[in-house]
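Colleague:
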Amino acid sequence: MLTLNTSSAQNQKEKEETVWLIASELPNFQYKSGSSMYESFALYVQDSLRLPAPECQGKVLVSFVVEKDSTISTVEIRQGLDNCPGYDKEVRRLLQSMPAWTPGKNNGETVRFSMRMPIIFQLKP
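Residue numbers for the sequence shown follow the UniProt record's numbering, beginning at 1 and rising by one.
Shown next as structure tokens:
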């Protein structure tokens with residue numbers, strides 16, 4: 001019996017730590033008047049970004065986990081701007097200070113969910 005209880009406890013712990021890539025309900029982020037998660041995300045970035053050097057342009061690809069409690073964790077820069085490392089640092093700060101998300105669900109159960117988002121920096125003419 002002890003083995004089954006240990007196994008059951010281990011399975012429960014693994015279930016709690018699992019990070020989903022696909023779920024029946026994706027996490028959602030609502031900010032201001034954004035009509036979609038992506039538009040809300042873009043509005044939040046525009047409002048909250050503090051550019052360290054406005055002469056850089058390019059794309060920073062970031063991944064993060066939307067936790068069951070609506071917070072963001074495990075922020076990782078997947079592709080950064082090599083010539084502007086301050087941008088990578090700012091993207092990390094931006095995500096770590098985000099307002100709450102609505103967590104993802106799978107079959108009605110709240111789950112941890114991995115997201116990837118590009119943040120594109122363009123110089124205005």
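Beta carbons: idealized from backbone N, C-alpha and C, even for Gly. Note that this is a predicted model, so its numbers are computed, not measured.
Are the CB atoms of N107 and S24 within a distance shorter than 8 Å?
Modeller: Taking 8 Å as the Cβ cut-off, S24 and N107 qualify as a contacting pair.
Colleague: Can you give me the Cβ contacts of A9 inside the same chain, cut-off strictly under 6 Å, excluding the 5 residues immediately before and after it?
Modeller: In this predicted model, A9 has a pLDDT of only 45, less than 50, meaning its place in the structure is not dependable enough to derive any value.
Colleague: According to the neighbour-count rule (16 or more other Cβ atoms, all chains shown, within 10 Å of its Cβ), is V60 buried or exposed?
Modeller: By the neighbour-count rule (16 or more Cβ atoms within 10 Å), V60 is buried.
Colleague: Return the CA-CA distance between W20 and V111, expressed in angstroms with no decimal places.
Modeller: Taking the straight line from one Cα to the other gives about 7 Å.
Colleague: Per DSSP, what kind of secondary structure is K124 in: helix, strand or coil?
Modeller: Residue state, collapsed to three classes: coil.
Colleague: By how many angstroms is the C-alpha of Y31 removed from the C-alpha of S73?
Modeller: One C-alpha to the other measures close to 19 Å.
Colleague: Return yes when the Cβ of L95 is within less than 8 Å of the Cβ of L49, no when it is not.
Modeller: The answer is no: Cβ separation not under 8 Å.
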